[in-house]
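Line by line, the protein sequences are chains A and B. For the first sequence, position 36 (counting from the first letter as 1) is numbered 42 according to my numbering, and the numbering increases by one without interruption. For the second sequence, position 206 (counting from the first letter as 1) is numbered 560 according to my numbering, and the numbering increases by one without interruption. From the three backbone atoms N, C-alpha and C, an ideal C-beta is built for every residue, glycine too. Treat the numbers as computed from the prediction; the structure is a model and nothing was measured. Worksheet: one structure, shown below.
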Amino acid sequence: MTILAIDTSNNPLGVALFHEDQVIGEYITNLKKNHSIRIMPAIQTLLKDCEKSPADLTKIVTAKGPGSYTGVRIGVTIAKTLAWSLNIPLVGVSSLAVLAAGPARRFEGYVSPIFDARRGQVYTGLYHFENGKLTAVEPDQLTMAVDWAPKLAKMERPILFVGNDVPLHQTTFEEGLGSMAIFADATEQNPRPSELAWLGKDKPGEDVHTFVPNYIRLAEAEAKWLEKQGKILNG
Amino acid sequence: MGELMKKDQLILGIETSCDETAVAVIKNGREIAANVVASQIESHKRFGGVVPEIASRHHVEQITIVLDEALKQADVSMADIDAVAVTEGPGLVGALLIGVNAAKAVAFAHQKPLVPVHHIAGHIYANRLVAELKFPLIALVVSGGHTELVYMKEHGHFEVIGETRDDAAGEAYDKVARVLNMPYPGGPHIDRLAHEGSPTIDLPRAWLDGSYDFSFSGLKSAVINTVHNAEQRGETIAPEDLAASFQASVIDVLVKKTVDAVEEYGVKQVLVAGGVAANKGLRNALEEAFSSLEVELVIPPLSLCTDNAAMIGAAGSVMFDKGIRADLSLNAIPGLDIELFNNDDLS
Ligand SMILES: [Zn+2]
C-alpha cells in the first residue's frame, strides 16, 4: 500500500507518501505562488526521493475543497487524472478536515478550521476526535465570522481555531467566545498532507469520472442566473 | 535486407482553452484515430457568452471521461502513446489549467514526453489532417478570439504578418448578432441570415493600407449606429440585409488581405483556420478569389475548424519531431505568443 496525498486547495501546497503504516515522505510550502507550476515537480521529487515510481502507487487521496476555486481544481484534476491513468482508487477529503485533523488529535474541545473567504466570510466546520476518528460536529460551510462566533459560544466548550487565515478574524472570535477561544501555534497552521493521506487511507474509492471539487459556493454567474429564474417563476 | 517497419507515431492531444473539453489521438501527424469533444455551449448559452469560472468547472467534470473515450475510440492504451501534447495557451487561464494539469499527470503516470502546443498553431495544423502542407504558406486564422495572417516558411515556424488591432472577427460577429437580437454564438446565425439578404447597406471597410493588420471595431460601431439611427427615424432595416452588408464588409477585408499576402510572399498554399472558417460566405468568397490563382486553398471541414484536440495532436506531432518538450512545471499561459515556438536553434 502506497498512498499519494495531494493538497493544493489554499496557499499551503502539500504532498505526502504514506507507505504501509508510515509517512515516508511529506512536502509542504505555505507560499502565495503558482500551484500549477510547482505541484507536479513536487510529486515527482517526493516519489524519486522515496524511491517510488508512479506504478507503485495504490491510491490517490486529494483535498477536494473548500478553498481557492483554481487551487482546488488543480489538485483535483491531477488526482483524478493520476487515478484514472494508473487505474487505482481515488478518495476525496474535505480540505477543512485536513487542517483540523492534526490539532484535533490532542485537543479535548472542538476544532474550527478556518479559510478566509473574503468580505468577512470564512469557510469553516467543527471537528473533534471520537474513538480514534475525526468526526464533524458541524458540516463544512461558508459563513460570516460574526455569525459563526456566537454559534460556537453556545457549545460551551473550548474551541481551537486553526489555519493561516485565523489572524484575519481573531478579534471576532475573541469577542464572541472570550476565554473559550483558543488559537493554534504557527507550527499547526498548515494542513498536513500526511493527515490527508491518513484520513483517506481506509475510505473506499470514489468514481473518478464524476469526482468534482466541493466548492461549497455556486459560480457567481450561476447564482445570479438561478436568482433571476426564481424571480421569473415567482412572478 | 528487409526494410525495417517504421512504428506508427501516436500523439495524445488535449485541448481545454475555452469551452470545449477535447482529447484526440493522432497517428503519424495526419490521421485521426480518435477525436472527442465535449462541448459546454448549451451551459454557456444562458449567459450569452462563455463564463470562465463555469467553463473551468465543466472541464474538471469532463476531463477523464473525454480522455477515456478518446483512448477507447482509438483502441489504444497509454502504453502505445509516444507523447502527450497539450494547449499551453492562449485562452482562458482557468480553463487551460485543467488541460495542462491533466496532461502533466497522464504524462507523469506513464513516463511520456510532454509537448506544449500553441492554440493557433493547432488551428493551423487542423489543415494537415486534410492535406499535406506545402511551404511557404499563409494561414488565415479567424475565430472568436483571433484574426491573424500567419506566414510559415517550414513546419513549426510561425511569423504573424498581420493581426487584429481591436476585435477579432468572431467577436464582431457575436456583438452584431446581439444587436440583431440573435442568440449566442452569433456567427452561424448571421451567416445564415446573410444568405437571405443583400448587401445594400454601405458599411465601412478598414483597409489599414500598407499593413496586414485588421480592425473590426469601427464596423461593429457602424452597424450599431445604423440600427439606432433607423430606430430614431422610425424606420426598420431588414435584418437579413444588415447581416449581408456586415458579412460582405468582413469578408471583403479578409479575402483582399489574404490575396495580397499570398502575392507578396509568393506562397504555394493558403490555409484557413479557426471557428469562423466554418462561415459559408467566407468559404465561397475565398474559393472564388483563389480559383484563378496558382495557389492551393485548403479549408478544413467544420468539425476541425472549431476547437478540437485533433488539431493539437497534429501540431503536437510536428513539435514533438522538432524536439520541443515541456517538463512538469509547464503552466497555462493565457497570452502565449506563437512566435516563441519558432525556436530556430532546434530545427
Ligand atoms: Zn480556437
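Chain-order list of chain B residues neighbouring residue 50 of chain A: 462 and 682, by C-beta distance under 8 Å. Residue pairing for residue 518 of chain B: DSSP places it in a beta bridge opposite B/568. For residue 359 of chain B, the three-state secondary structure derived from DSSP is coil. For ligand 1, a non-hydrogen atom lies closer than 7 Å to the CB of residue 477 of chain B.
Within chain A, no C-beta atom comes nearer than 8 Å to that of residue 369 of chain B; the closest sits roughly 15 Å away. Interface annotation for the stretch 13 to 25 of chain A against chain B: empty, criterion Cβ-Cβ distance under 9 Å. The set of residues with CB atoms less than 5 Å from any heavy atom of ligand 1 reads, in chain order, B/497 and B/661.
In the assembly as shown, residue 690 of chain B is a buried residue. Its beta-carbon has 16 or more other beta-carbons within 10 Å. Taking a cut-off of 8 Å on C-beta distances, the stretch 484 to 504 of chain B does not touch the stretch 103 to 122 of chain A, as fewer than three cross pairs fall below it.
Spanning the alpha carbons of residue 611 of chain B and residue 504 of chain B requires a straight line of approximately 12 Å. Neighbourhood of residue 132 of chain A in chain B, by CB distance below 8 Å: empty, with the nearest CB roughly 27 Å away.
Listed as beta-bridge partners of residue 689 of chain B by DSSP are no residues whatsoever.
Residue 535 of chain B counts as exposed, since fewer than 16 other C-beta atoms from the protein chains shown sit within 10 angstroms of its C-beta. Inter-segment contact for the stretch 466 to 474 of chain B and the stretch 435 to 443 of chain B is present: three or more beta-carbon pairs are separated by less than 8 Å. Interface flag for residue 57 of chain A against chain B is unset, since no Cβ pair is found closer than 8 Å. In this chain, the beta strand (DSSP E) harbouring residue 506 of chain B covers 501 to 506. Using a Cβ distance threshold of 8 Å, residue 636 of chain B and residue 651 of chain B do not count as a contacting pair.
The Cβ neighbour count for residue 171 of chain A, taken over all protein chains shown within 10 Å, is at least 16; the residue is labelled buried. Three or more pairs of CB atoms, one per stretch, sit closer than 8 Å, so the stretch 597 to 606 of chain B contacts the stretch 555 to 564 of chain B. By DSSP's assignment, residue 393 of chain B forms a beta bridge with B/374. Counting only runs of at least 3 residues, the stretch 624 to 688 of chain B fully encloses the following beta strand (DSSP E) elements, listed from N- to C-terminal order: 650 to 652. Residue 417 of chain B and residue 566 of chain B have their C-alpha atoms spaced approximately 38 Å apart. By the criterion of a C-beta distance shorter than 8 Å, residue 222 of chain A is surrounded in its chain by 71, 72, 129, 146, 147 and 148, once the five residues flanking it on both sides are discounted. Within the same chain, Cβ atoms closer than 8 Å to the Cβ of residue 573 of chain B are found at 526, 557, 558, 559, 560, 600, 603 and 604, the five residues on either side in sequence being excluded.
Neighbourhood of residue 40 of chain A in chain B, by CB distance below 8 Å: 685, in chain order.
Under a criterion of Cβ atoms nearer than 8 Å, the residues of chain A adjacent to residue 458 of chain B are, in order, 46 and 84. For residue 418 of chain B, the chain A residues whose Cβ falls inside 7 Å of its Cβ are 86, 87, 90, 214 and 215, in order along the chain. Beta-bridge pairing by DSSP links residue 147 of chain A to A/130. In this chain, the alpha helix (DSSP H) harbouring residue 455 of chain B covers 447 to 463. A check of alpha carbon separations from residue 511 of chain B across B/530, B/522 and B/491 identifies B/491 as the nearest.
Residue contact check for residue 129 of chain A against chain B: no CB pair falls below 8 Å. A Cβ-Cβ separation of about 12 Å leaves residue 133 of chain A out of contact with residue 161 of chain A under the 8 Å criterion. A residue is called buried once 16 or more other Cβ atoms fall within 10 Å of its Cβ, and residue 623 of chain B is buried on that count. Excluding five sequence positions before and after residue 195 of chain A, the CB atoms of its chain that fall closer than 7 Å to its own CB belong to 168, 169 and 170, given in chain order. Identification of chain B residues near residue 80 of chain A by a Cβ-Cβ cut-off of 7 Å yields 451 and 455, ordered along the chain.
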